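Residue numbers (our numbering), protein chains in the order written: chain X, 860 to 1125; chain A, 4 to 350.
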């Protein structure tokens, strides 16, 4: 069996294991879905009245931001899941088996991607209910979802590295989340970046989150006539978003596999 | 170090499991401090020692989970560092903490392991059923492991380590935390495996367990081998058997002492308050019968009598100067820093 085939089949065995857990304890998926739905409703009805971006309906503007925020936060599940496996000792069993060293991580990030797809479907339906619409047709919308899922997958690998670096599930719970707040709020997810102070605008425009949000917004046709910030990353959000995701994967796949090899030896 | 089988030191052909000068540090703590060992094919080595003695560290090195700082370890002639992938194909390991997935059923757990050994779906499922049968888990096969008792989880974990029919098996404290019934059940299962010709390295802090399951025993303390040999060799090291008896009245002790002098070797020891007497003897039950006959003639009423062989507890005490349990307490904090307090539950 070639190395790549083995990595794939072993990864699928692991993904199946994680998905059986989702099936047996559906509460996990239900609660990860409730939170973003709550965000949609809160932002649409509470903040929506106060925030009036130029040239676009806020609810239309908002959805790409909430979608992206949700998949970014969804990555924390990867960190928690791996920390849990480590704590329970099952990683020791896997490491003593002749399986691909990447399999546990591939399985985890793949099954978490599946979770993200489910959550995204529910959120999209919820968005449609509060008045969000897709304006540029099915193909472009698919592109928007694709870019967001690529980002979600990349973020999962970042979270995997965190999950394998912390010492307990409790730490993973906060360490997996905490850095996501500045990442999502110092971006164009909820407000147009031109309302931010100058230095923060530069940060926000080059934030990977902003690129993903801007790309989805453009592909869904939710940008309206609102002006785009003067930054290359915001004028070419699709390329920037995919570039960021690729960069994160290139860095964090090898890094997390290395962490995995060493993890149980601590 | 008391090397009871001196010839082993010069042995050149390695056993199915072998180590030379194995060293592993955790910070300043030497979890393994120059361990040599050989387990010939098809035999059982009991690695005996208190918590923190280095037993788990040794198992983790042999099962490729941990790289030694110095020395070499081989399994079936394969180096655990250089040939880690090949080693993983031929070993089975079952640790102190049942490494099974609580959210899967017993059958799903075994099938998952089978797939990771690349057995293919039909073979993997067939092997899972075979093992469930053998480990008396058929009724629970399709139940989620969360509902299993501690003993069932251990049996499932052990079953998981046997999926690929390993030639060499490592069991790290397989009965720690089990109730007496679970322990007996586990002993039967292990004895059966050994009869089937599996080479086994077993760690335990129960002296009785090593005595019962292993042909050869190695006692380790603070990462060093302090004795090795068969259970009998270790026991004879601290002296042979003793005849011990209790009489009904302290006034009978002088007569008893006189009889013991005739049947035994050396000085008898007399405990007035316990109305007990003992003496070193040679010859087992014949001596016992002889002593009873003479005591009867002397009109001594014997309440309790027996030939006692030294236990491995006695061995441990005489080798280390502290009992196994004391050692467990005092060395708990120098134990290898297992993550996240997993170790705590067992002390």
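C-beta: ideal position from N, C-alpha, C; glycine also. If you're wondering where the values come from, they're calculated on a predicted model, not measured in any experiment.
Residue from the options whose Cα sits closest to the Cα of residue i
| i | options | result |
| --- | --- | --- |
| residue 267/A | 284/A, 65/A, 310/A, 318/A | 284/A |
| residue 871/X | 939/X, 893/X, 962/X | 962/X |
| residue 1051/X | 943/X, 910/X, 1027/X, 958/X | 910/X |
| residue 189/A | 224/A, 199/A, 233/A, 174/A | 174/A |
| residue 209/A | 79/A, 60/A, 319/A, 113/A | 319/A |
| residue 138/A | 122/A, 107/A, 113/A | 113/A |
| residue 117/A | 162/A, 179/A, 313/A, 55/A | 162/A |
| residue 90/A | 1002/X, 940/X, 954/X | 954/X |
| residue 1095/X | 1045/X, 1113/X, 984/X, 1076/X | 1076/X |
| residue 990/X | 1002/X, 915/X, 1012/X | 915/X |
| residue 245/A | 220/A, 225/A, 310/A | 310/A |
| residue 99/A | 205/A, 81/A, 39/A | 205/A |
| residue 255/A | 196/A, 211/A, 304/A | 304/A |
| residue 87/A | 68/A, 105/A, 101/A | 68/A |
| residue 307/A | 155/A, 278/A, 126/A | 278/A |
| residue 64/A | 301/A, 154/A, 21/A | 21/A |
| residue 111/A | 879/X, 1035/X, 971/X | 879/X |
| residue 886/X | 1089/X, 866/X, 923/X, 978/X | 978/X |
| residue 1013/X | 930/X, 1054/X, 920/X | 930/X |
| residue 46/A | 194/A, 115/A, 166/A, 53/A | 194/A |
| residue 971/X | 891/X, 1036/X, 993/X | 891/X |
| residue 61/A | 126/A, 36/A, 301/A | 36/A |
| residue 179/A | 54/A, 44/A, 317/A | 54/A |
| residue 945/X | 49/A, 101/A, 81/A | 101/A |
| residue 97/A | 121/A, 249/A, 66/A | 66/A |
| residue 258/A | 124/A, 57/A, 314/A, 297/A | 297/A |
DSSP beta-bridge partners of residue i
| i | result |
| --- | --- |
| residue 202/A | 171/A |
| residue 81/A | 78/A |
| residue 29/A | 32/A |
| residue 207/A | 51/A |
| residue 281/A | 247/A, 272/A |
| residue 22/A | 40/A, 76/A |
| residue 311/A | 245/A |
| residue 872/X | In the DSSP output, where bridge partners are listed per residue, residue 872/X has none listed. |
| residue 305/A | 250/A |
Rounded distance between the beta-carbons of residue j and residue i, thought under 8 Å
| i | j | result |
| --- | --- | --- |
| residue 169/A | residue 109/A | The Cβ separation is near 19 Å, so there is no contact. |
| residue 295/A | residue 280/A | Residue 295/A to residue 280/A, Cβ: 13 Å. No contact. |
| residue 933/X | residue 1011/X | 6 Å |
| residue 1073/X | residue 1093/X | 6 Å |
| residue 1111/X | residue 1017/X | 5 Å |
| residue 207/A | residue 236/A | At roughly 18 Å, the Cβ-Cβ gap does not stay under 8 Å, so residue 207/A and residue 236/A are not in contact. |
| residue 159/A | residue 140/A | 6 Å |
| residue 78/A | residue 93/A | 7 Å |
| residue 19/A | residue 42/A | 6 Å |
| residue 1024/X | residue 1118/X | 6 Å |
| residue 1022/X | residue 874/X | 16 Å between Cβ atoms; not a contact. |
| residue 147/A | residue 106/A | 6 Å |
| residue 32/A | residue 74/A | Between residue 74/A and residue 32/A the Cβ distance is about 17 Å, and since that is not below 8 Å, they are no contact. |
| residue 903/X | residue 921/X | 7 Å |
| residue 224/A | residue 52/A | 6 Å |
| residue 155/A | residue 143/A | 6 Å |
| Proximal residues, the region 912–928 of chain X versus chain A, C-beta separation under 7 Å | Within the region 912–928 of chain X, no residue has a Cβ that lies closer than 7 Å to any Cβ of chain A.
| task | With 8 Å as the C-beta to C-beta threshold (strictly closer), list the residues of the region 951–978 of chain X near chain A in chain order. | result | Per Cβ criterion, the list reads 951, 952, 953, 954, 955, 956, 957, 958, 962.
| What runs of the alpha helix (DSSP H), each 4 residues or longer, lie entirely inside the region 937–969 of chain X? | Complete alpha helix (DSSP H) runs here, min 4: 949–954.
| message | If the cut-off is 9 Å on Cβ atoms, which residues from the region 46–68 of chain A count as contacting chain X, listed in chain order? | response | Of all residues in the region 46–68 of chain A, 63, 66, 67, 68 have a Cβ within less than 9 Å of some Cβ in chain X.
| field | Minimum length 3: unbroken beta strand (DSSP E) runs contained in the region 88–148 of chain A | value | Those beta strand (DSSP E) runs which fall completely within the region 88–148 of chain A and span 3+ residues are 94–97.
| Where are the alpha helix (DSSP H) runs, 4 residues long or more, that stay fully inside the region 1059–1104 of chain X, in chain order? | Secondary structure within the region 1059–1104 of chain X: the alpha helix (DSSP H) runs of 4 or more consecutive residues, fully enclosed, are 1067–1079, 1091–1094 (chain order).
| request: Scan the region 865–877 of chain X for residues whose Cβ lies nearer than 7 Å to a Cβ of chain A and list them as they occur along the chain. | output: When CB distances to chain A are screened at a threshold of 7 Å, the residues of the region 865–877 of chain X falling below it are 869, 872, 876, in chain order.
| If contact means a Cβ-Cβ distance below 7 Å, which residues of the region 172–191 of chain A contact chain X? | Hits within the stretch: zero.
| field | Residues in the region 880–891 of chain X having any Cβ partner in chain A nearer than 8 Å | value | Listed by position, the residues of the region 880–891 of chain X near chain A (Cβ gap below 8 Å) are 880, 883, 884.
| message | Restricting to runs no shorter than 3 residues, where is the beta strand (DSSP E) found entirely within the region 886–914 of chain X? | response | Not a single unbroken stretch of the beta strand (DSSP E) spanning 3 or more residues falls wholly within the region 886–914 of chain X.
| Contact list for the region 145–161 of chain A against chain X, Cβ threshold 7 Å | Listed by position along the chain: 147.
| request: Anything in the region 239–267 of chain A with a Cβ closer than 8 Å to a Cβ of chain X? List those residues in chain order, please. | output: Correct list: empty, as no residue qualifies.
| message | Under 8 Å, CB to CB, which of the residues in the region 102–134 of chain A have a partner in chain X? | response | Those would be 102, 103, 104, 105, 106, 107, 111, 115, 116, 118, 119, 120, 121, in chain order.
| task | Determine which residues of the region 1014–1030 of chain X have a Cβ less than 9 Å from any Cβ of chain A, and write them out in chain order. | result | Per Cβ criterion, the list reads 1026, 1027, 1028.
| For the region 933–948 of chain X, which residues have a CB atom closer than 8 Å to at least one CB atom of chain A, in sequence order? | Listed by position along the chain: 945, 946, 947, 948.
| task | List in chain order: all unbroken alpha helix (DSSP H) runs of 4+ residues lying wholly within the region 981–1030 of chain X. | result | DSSP runs (the alpha helix (DSSP H)) wholly in the region 981–1030 of chain X: 997–1024.
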